[in-house]
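What follows is a short report on a single structure.
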Amino acid sequence: MLKSVDLTGSRHSENMELAANQKVIAPVMIVVYLTAIAVMLMIVLLRAPHFSYTLDDPYIHLALAQNIAIGHYGINPGETTSPSSSVLWPFLLAPLSRTIVAEWVPLFLNMVFSLGTCILLARWLEPRLRSAGFGNPSIAGLAICLVLAANMPGLTMTGMEHSLQVLLVVACVIAIFRVYEGGSVAWPYLAAAALAPAVRYENVVYTGAVCAALLLKRRYGIAVTVFVVSILPLVGLGLFLHAHGLPPFPNSVMAKGGMEASSGRSTGLTHLIGLVAVNAKNLFVRPSRRIIFLCLLAIATCCVYLRRRYTMWPMMAVLLAAVAMVLVGPYDWYFRYDVALRIFVLLLALGLTLHAMKGQKLLAPVIWLLTLLSAVAFLPPLLGSPGASLQIARQQYEMHRFLQQVGSENVAVNDLGWVSFNAYGKFYVLDLIGLANLETLREKKRDTAWLDRVTKKHDVELVMIYDSWFASPPPDWIKLGVLHESQQYFESPISTIGVSFYATSTDAAKRLLPQLGAFRRTLPSHAWIQAK
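Each residue of the sequence shown is one higher than the one before, starting from -6 at the first, in the numbering used here.
Laid out in structure tokens, this is it:
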């Protein structure tokens, strides 16, 4: 029979509950998470020529971290650039970025942060589930689903900052419920809310939700302090970039947020309106996003139902922040941009539904439905991560290896990460996408003439690109070959097109062809260069 327990009891009784009931969620989540990571690593290490993350992007952070360690913020010597989407992440990597363990540091940090998420969720959620009458089997099943709902294995294997983002967002949810329930908010949760925007810019929304809840509970000093501290790193980086003649936002934020296309107020407003319309439509059209709508619906319903029991304005403010994030926030990009949003609305929905249960058995399936559907949305990265790692190892890592052997050729690429790692001072890397080059980011007419002009400007003699991403190559370019990788088991869900190698002049082709021929003989199995 479902029990009803007041969740707003004293701090002492809550601590006693935590000590007594924290028995299932943390161990189950940790075992499931570590097992998934072990299996993924085993597959990748046995089949790949070199360990690689599931994306090329983490190597951008590592390259920037290497240069931060020697006092330079950028990819190429003498050029200050902002290729990282996170203010904090490259600085966390910097201390060990020039050691032999540099490539493994993101994996280690992500595992630590994911384990922290497991423990934090257990401390907050398990007493609430037990108070609502859930037994050990149900709690264990929900714990397994939560590992997937937070995409913990998938985010770990990206090598990016998103595992830390999820940890901080979970802390923000706990802080919101502490305010909502009338209790005090411990300083670690406030610190997490203040730190969150430095990890990802969009985390300002989650920090703002915490601050709004505090303000509506008349905790003005704490709210203002958290908000001011949270924006200091963003303002600091913006001022630094402005002092070097750059926009106040990182190139990656502008590129993936569409800001580089905004030449005026009307253009920016048009982009925002279009983004809101597309995201609102996708809540109903795309199956994987319907769970977000269901969570929002559950939050709104609980707010109405609980309005006589609690002061609902703080939670309504949080709901509005969540809706704003749903409508304008980033999505997808290999199952990582919207994980924090999904776990944010899921935990809000679960917490409020547990408050509303009060012994009502009929609401228990709602907990299961929301958690299970959230987990199913992240099955693809769980199954596809080994294949994605293998692809990066057989393409971008091999591009990196070829450049390290050639040694002195300025290069133009559309994938910046592996190529720029350990490259500082050896050769110039021209990023044709614009994450590390403001000029290419702002270019709107990326035609053949532009490719010819920009590569000549930077004395580029080797180009390694996906042909389908660009216009026809300039007539002076000579195609040297195409790097392919075969798909066997554990296929990657991301595209598997070949990387074309070009020399930009006849002299460069004469020099590079023998080197490419020698390199071809060193390629691992399942990777080859098709001669042209």
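Don't be surprised by glycine CBs; every beta carbon is placed ideally from N, CA and C.
Inclusion of R193 and E154 in the CB contact set at 8 Å is warranted, their separation being smaller than that value.
Counting along the chain, the unbroken beta strand (DSSP E) around G474 starts and ends at I471 to E478. Per DSSP, Y199 is one residue of the alpha helix (DSSP H) stretching across V197 to L209. Boundaries of the beta strand (DSSP E) harbouring L423: V422 to D424, taken from the DSSP string. The beta carbon of A248 is closer than 8 Å to those of I426, G427, L428 and L434 in its chain, skipping five residues each way along the sequence. In this structure, V453 sits near T497, with a CB-CB distance shorter than 8 Å.
Exclusion of the five residues before and after L473 leaves F494, Y495, A496, A502, L505, L506, L509 and K525 as the residues of its chain whose Cβ lies within less than 7 Å of its Cβ. Taking 8 Å as the cut-off, the beta carbon of M457 is found closer than this to the beta carbon of V406. In this structure, V166 is the residue among V166, T263 and E436 with its C-alpha nearest to the C-alpha of A185. Around the beta carbon of H348, a 10 Å sphere encloses 16 or more other beta carbons of the protein chains shown; the residue is thus reported as buried. For A405, the pairing in a beta bridge is given by DSSP as L423 and V456.
Judged by their CB atoms, L409 and P76 are nearer to each other than the 8 Å cut-off.
Pairwise C-beta distances place the region 364 to 374 out of contact with the region 306 to 321, as fewer than three of them are shorter than 8 Å.
Sequence-distant partners of V338 (beyond 5 residues in either direction) whose C-beta falls short of 8 Å from its own C-beta, in its chain, are I285, C288, L289, I292, A315 and V319. Proximity of the region 40 to 59 to the region 23 to 30 falls short of the contact definition, fewer than three beta-carbon pairs being nearer than 8 Å.
Rounded to whole angstroms, the gap between the alpha carbons of F512 and W521 is 10 Å. In the displayed model, S493 falls within a strand according to three-state DSSP. For A520, the enclosing beta strand (DSSP E) stretches over residues A520 to A524. In the DSSP assignment, S367 falls within the alpha helix (DSSP H) that extends over A357 to V369.
Note that the C-beta distance between L188 and L161 is below 8 Å.
A contact is defined here as three or more CB-CB pairs under 8 Å, and the region 267 to 280 fails this definition with respect to the region 97 to 111.
Between K210 and the set R123, P51, P307 and G418, the nearest pair of CA atoms involves P307. About 6 Å separates the CB atoms of R335 and S367; that is less than 8 Å, so the two are in contact. Of all alpha-carbon atoms in Q59, I53, A357 and A333, the one lying nearest the alpha-carbon of P243 is that of I53. Only residues of its own chain outside the window of five on either side were considered, and among them D49, D408 and W411 have a CB closer than 6 Å to the CB of Q389, listed in chain order. By the Cβ neighbour-count rule, G152 is buried, with 16 or more other Cβ atoms within 10 Å of its own. Look at the beta carbons and you see the region 194 to 202 not touching the region 175 to 184: under three pairs across the two are nearer than 8 Å.
Nearest Cα to A191 within the set V246, V178, H235 and G147: V246. The residue from K419, A95, I385 and A164 with its alpha-carbon nearest to that of A41 is I385. A distance below 8 Å separates the beta carbons of C138 and T364. Beta-carbon to beta-carbon, L122 and I132 are separated by about 5 Å, close enough to satisfy the 8 Å threshold.
For the options I490, Y66, A164 and Q158, the alpha carbon positioned closest to that of R387 is the one of I490.
Put simply, the backbone Cα of F233 is about 15 Å away from that of L431.
For a cut-off of 8 Å, the C-beta gap from V37 to L340 is around 31 Å, too long to register as a contact. Counting along the chain, no alpha helix (DSSP H) covers E174, and no H or E run does either.
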